[in-house]
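In the working numbering, the protein residues as written are 993 to 1219.
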């Protein structure tokens, strides 16, 4: 596919209509997420110096914090851009793909610290990487296609709830950490409901943003306790 064909495809993509007030709230709410990611990147780098983490543990923490920054930065730019611009459509596509990235990134420290040297950690990360690749490719082929939307929801569920699917692995973690991870997952999942109706009812997408941010914070607390 040529650059011209990609541009033509993007120009034909329908866009959700949000008011200026909604978009202002959307980008500000997720700009806070960038700050959280940057702070945690600094914290994790500091901890990697002070503590004797393994290469994989250090790498997992850095990857995790970077995926937080990437998701929230992409979302912030997408919602801050004016409507009816090709750049906004590009960042909308990237915004959808960074969701897979953050899910996989969140599991990186969980697998590195909770399941080191076990098959559970390896299998869960393989599931994450496969889901990330499939979801990204599907979005680039046809972001608004019905099949893509169905597969997207299925991937979110499988990737996000992998730790529950592999229940024996979950039992290897302390209860307080499990609860933070699970409540974060519940927050993300509830947010999907508001996302689904966000095109039709005003401010629902903004509420979705709040649930996403809450989910990130809850799981971040769980991971900090884990390490």
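Positions of the beta carbon are idealized from the N, C-alpha and C atoms, including for glycine.
Query, Result
"What are the boundary residues of the alpha helix (DSSP H) that residue 1131 is part of?", "1111-1134"
"On the DSSP letters alone, give me the boundaries of the alpha helix (DSSP H) that residue 965 sits inside.", "No statement about residue 965 is possible, as the shown extent of the chain runs from 993 to 1219 and does not include it."
"Excluding the five sequence neighbours on either side, which residues of its own chain have a C-beta within less than 8 Å of the C-beta of residue 1123, listed in chain order?", "1092, 1095, 1096, 1147, 1150, 1151"
"To the nearest whole angstrom, what separates the beta carbons of residue 1127 and residue 1173, a pair I think is in contact under 8 Å?", "Their Cβ separation, rounded to whole angstroms, is 21 Å, which puts residue 1127 and residue 1173 out of contact at 8 Å."
"State buried or exposed for residue 1137, treating a residue as buried only when at least 16 other CB atoms are found within 10 Å of its CB.", "exposed"
"Starting from the Cα of residue 1218, find the closest Cα among 1115, 1106, 1187, 1117 and give me that residue.", "1106"
"Considering residue 1170, what are the terminal residues of the alpha helix (DSSP H) in which it resides?", "1167-1188"
"Just verifying my parser: in three-state terms, what is the DSSP assignment at residue 1045?", "coil"
"Using a Cβ-Cβ cutoff of less than 8 Å, which residues in the same chain neighbour residue 1018 once the five nearest sequence positions on both sides are dropped?", "1010, 1067, 1071, 1197, 1198, 1201"
"Are there 16 or more other CB atoms within 10 angstroms of the CB of residue 1204, so buried, or fewer, so exposed?", "buried"
"Could you spell out the range, first to last residue, of the alpha helix (DSSP H) harbouring residue 1138?", "1138-1152"
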